[in-house]
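Asker: Supplied in structure tokens, the structure appears directly below.
Numbering (our numbering), first residue to last: 13 to 707.
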């Protein structure tokens, strides 16, 4: 037993070491290089020349291996010069000159150049390595097998082997394995993963269902109407993959700039090493010395440090405030955002149903309506029922037992409370199951309920009606307590606002209605207002929910434009249209259905707590605590990073020009050139660290 334990421990240790080494190889190389440079410098200082000349070349090899490899690879394969190769040439030139003139401190100078670049490369690797967008969580949304019904017999078949025309049985609580048309049965489906719709959707014969959606409590017979690889969930996967392959324009620009800069410096260095003896009569020793100083002072370490320390500081600042940037390029991109698209459910709203109004009829109270409704809904697992129970608990209403409770999926629930029959559900459900004296309550052409009873309910004063019209969401626990106006009219008004209305009846009368809706995030209105103050040109809602609900949410928070009833691929199209208009567009979402749009957007932003795994993997930025107001902080960090980077680039280029002028006039030696080069790098780095401060 001990032998096997030791063997497993050794195997695990080796595996962990390989993983750690692979992920932190650049940092390890930079650390070892720093130690060797320090020891080599000490050896030279105390006169141990042999040891110093052994340690310093080792530092060159360890610290500069990756840069030399990348530079030579780029030169060989792409016939291009880059900054990595330029740095190696400058460092080796300094070392060669040091050996030639026996001024061994120049070898240390070259080693320090390599060390600076190695550290920069390690930090860049940590900051710029984008999290791999793992889409395996998407695959888990659909079953690997489907239950095919053939001649009355059931058999399990792999989803990829399904044929158009196959009949599939989906039992209650199962995932839909592929897109299909319902042939038999009725159920409610949770389509939040696909459409973002917060409420379960009723489906019956003739309706289309999508792979990855969750069946409710009804059995369904589906007919496959398209190949499984063409299902909506598979299209989402392909859209995410496609968006992943598109390199951001800023990254391409940086690469072109580095290579162009390296070409200019190398060409100038070659000319400086050849022409001065013929033009100004310099000696070859002086010419080579000046050419090497030129390569040292022109090495763009300060220019490179103008960007990465700033972005790293911004990333660290964001992480401290609950904002996770997955790449430095996206921090920079946040400062360029001109338009922001929001998903509705789980982003602008909490994604959880809550009771917004409880409106009793004359002679009844809010507590009574909630108590009776919660007595039945306590036996229901439906989100609406859970919202009603939660509302009753918030008001600390005493729980009363119910008996004979029976649920009618998609319609309502019936039972007995204190030996009195109680119904809670839709208006037509109450009518169909009515033993009450409400024969005059009827539905006309599927229109909202209208009442023609001989004793109409009293209407409250105008202030109550105005309050109802102006209030789109009411904080939890702050319910209506005045008698309702004509109840069907009020129900119609609430439904027009995109809310779900639940009727509560006991024995011979309706005692009230309960309005349920997805509630806004507490600071959504303030966030939109501040975004506009920051100069965001347009805000947009992209949702799979219905137009009426989307319009209500947009109006309540101040959103400029609404696109509703969208599938994931439709959201991608809208993002592309916005990018053609505004160039840099951010998308904020939380669901799997948002993943393609998050990938397509210039900056994809996911909600960290409510967000699905694939949304978190796809996004470039994650708001870890689901605090929408941190979006404003992220934009401000992006804009500050842009300003600081521009300042740093201006300073770095200006300092390089000054050093070059000093070199050409002959007033600078190699140590001063190295000090100037490294000093400008330190100054630019410290400037970038300003972004660590909160604003």
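Backbone N, C-alpha and C fix where the C-beta goes; we use that ideal spot for every residue, glycine too.
In this text the structure is predicted, and so the values were computed from the model without any measurement.
Starting from the C-beta of residue 148, find all residues in its chain whose C-beta is less than 7 Å away, skip the five residues before and the five after it, and write them out in chain order.
Answerer: Residue placement at residue 148 cannot be trusted, given a pLDDT of 46 that sits under 50; the coordinates are not used to answer.
Asker: Just curious, the beta strand (DSSP E) that residue 62 is in, first and last residue?
Answerer: No beta strand (DSSP E) holds residue 62; the alpha helix (DSSP H) holding it covers 61-90.
Asker: In chain order, what residues of the same chain lie with their CB nearer than 7 Å to the CB of residue 399, ignoring the 5 residues before and after it?
Answerer: If we look at residue 399 and ignore the five residues flanking it on each side, its Cβ neighbours are 365, 366, 367, 528.
Asker: Tell me the rounded alpha-carbon separation between residue 706 and residue 663.
Answerer: For residue 706 and residue 663, the distance between alpha carbons rounds to 24 Å.
Asker: Alpha helix (DSSP H) containing residue 648: first to last residue?
Answerer: Its alpha helix (DSSP H) spans residues 642-676.
Asker: Mind checking whether residue 345 and residue 614 have CB atoms under 8 Å apart?
Answerer: Yes, the Cβ-Cβ distance between residue 345 and residue 614 is below 8 Å.
Asker: In whole angstroms, what is the alpha-carbon distance linking residue 574 and residue 505?
Answerer: So the alpha carbons of these two residues sit roughly 21 Å apart.
Asker: If you follow the beta strand (DSSP E) that residue 337 is part of, which residue opens it and which one closes it?
Answerer: Element bounds for residue 337: 335-337.
Asker: Which residue from 539, 665, 556, 659 puts its Cα closest to that of residue 639?
Answerer: The shortest Cα separation from residue 639 among 539, 665, 556, 659 belongs to 539.
Asker: Please classify residue 469 as buried or exposed, where buried requires at least 16 other C-beta atoms within 10 Å of its C-beta.
Answerer: Unreliable positioning characterises residue 469 in this predicted model, as indicated by a pLDDT of 28, which lies under 50. The coordinate reading is nonetheless provided below. Buried: at least 16 other Cβ atoms inside 10 Å.
Asker: For the candidate residues 352, 115, 39, 124, whose alpha-carbon lies nearest to that of residue 548?
Answerer: Among 352, 115, 39, 124, the Cα nearest to that of residue 548 belongs to 352.
Asker: Compare the beta carbon distance of residue 234 and residue 195 with 8 Å and say whether it is the shorter of the two.
Answerer: Yes. Within cutoff.
Asker: Are the CB atoms of residue 700 and residue 675 within a distance shorter than 8 Å?
Answerer: No, the pair does not count as a contact, with Cβ atoms beyond the cut-off.
Asker: If you measure between the beta carbons of residue 333 and residue 642, is that distance less than 8 Å?
Answerer: Cβ atoms of residue 333 and residue 642: closer than 8 Å.
Asker: My assumption, with CB atoms under 8 Å, is that residue 526 sits in contact with residue 537. Please give the rounded CB distance.
Answerer: Not a contact, Cβ separation roughly 25 Å.
Asker: Near residue 53, which residues of its chain fall below 7 Å by C-beta distance, leaving aside the five closest residues on each side in sequence?
Answerer: If we look at residue 53 and ignore the five residues flanking it on each side, its Cβ neighbours are 120.
Asker: I need the straight-line Cα distance from residue 232 to residue 338, nearest angstrom please.
Answerer: Near 42 Å, if we compare the C-alpha coordinates of residue 338 and residue 232.
Asker: Given a threshold of 16 other Cβ atoms within 10 Å of its Cβ, counted over all protein chains shown, does residue 592 qualify as buried or as exposed?
Answerer: It counts as exposed.
Asker: Are residue 685 and residue 671 close, meaning C-beta to C-beta below 8 Å?
Answerer: Cβ distance < 8 Å, so residue 685 and residue 671 count as in contact.
Asker: Tell me, to the nearest whole angstrom, how far the beta carbon of residue 588 is from that of residue 509; I am working on the premise that it is less than 8 Å.
Answerer: Not quite, the Cβ-Cβ distance comes to about 32 Å (not below 8 Å), so this is no contact.
Asker: Please name the residue, chosen from 77, 577, 65, that lies closest to residue 38 on a Cα-to-Cα basis.
Answerer: The residue with the shortest Cα to Cα distance from residue 38 is 77.
Asker: Expressed to the nearest angstrom, what Euclidean distance is found between the alpha-carbon atoms of residue 276 and residue 311?
Answerer: So the two alpha carbons sit approximately 11 Å from each other.
Asker: Going by DSSP in three states, residue 582 sits in which element: helix, strand or coil?
Answerer: Three-state result, residue 582: helix.
Asker: Considering only C-alpha positions, which residue in the set 423, 184, 532 is nearest to residue 513?
Answerer: Of the listed residues, the one whose Cα sits closest to residue 513 is 423.
Asker: Quick check on DSSP: helix, strand or coil for residue 43?
Answerer: Three-state result, residue 43: helix.
Asker: Tell me where the beta strand (DSSP E) around residue 181 begins and ends.
Answerer: Looking at the DSSP string, the run of the beta strand (DSSP E) that includes residue 181 is 179-182.
Asker: Tell me which residues share the same chain as residue 230 and place their Cβ nearer than 8 Å to its Cβ, disregarding the 5 neighbours each side in the sequence.
Answerer: Cβ within range, chain order: 184, 197, 198, 199, 200, 421.
Asker: Could you tell me which residues DSSP pairs with residue 421 in its beta bridges?
Answerer: None, per the DSSP bridge assignment.
Asker: Closest by CA to residue 698, which one among 300, 584, 314?
Answerer: Answer by Cα proximity: 314.
Asker: Could you tell me which of 425, 358, 361 sits nearest to residue 387, measuring between CA atoms?
Answerer: Measuring from the Cα of residue 387, the nearest candidate turns out to be 425.
Asker: Buried or exposed for residue 342, please, with buried defined as at least 16 other CB atoms from any protein chain shown within 10 angstroms of its CB.
Answerer: By the 10 Å Cβ count, residue 342 comes out buried.
Asker: Could you tell me the alpha carbon to alpha carbon distance between residue 382 and residue 416, rounded to whole angstroms?
Answerer: Going from the Cα of residue 382 to the Cα of residue 416 covers about 19 Å.
Asker: For residue 410 and residue 401, I'd like the C-alpha separation in whole angstroms.
Answerer: Going from the Cα of residue 410 to the Cα of residue 401 covers about 11 Å.
Asker: Pull the bridge partners of residue 515 from the DSSP assignment, please.
Answerer: Residue 515 pairs with 437, 525.
Asker: Once the 5 residues before and after residue 694 are set aside, which same chain residues still bring their CB inside 8 Å of it?
Answerer: None.
Asker: Taking 8 Å as the cut-off, decide whether the C-beta atoms of residue 101 and residue 71 are in contact.
Answerer: The answer is no: Cβ separation not under 8 Å.
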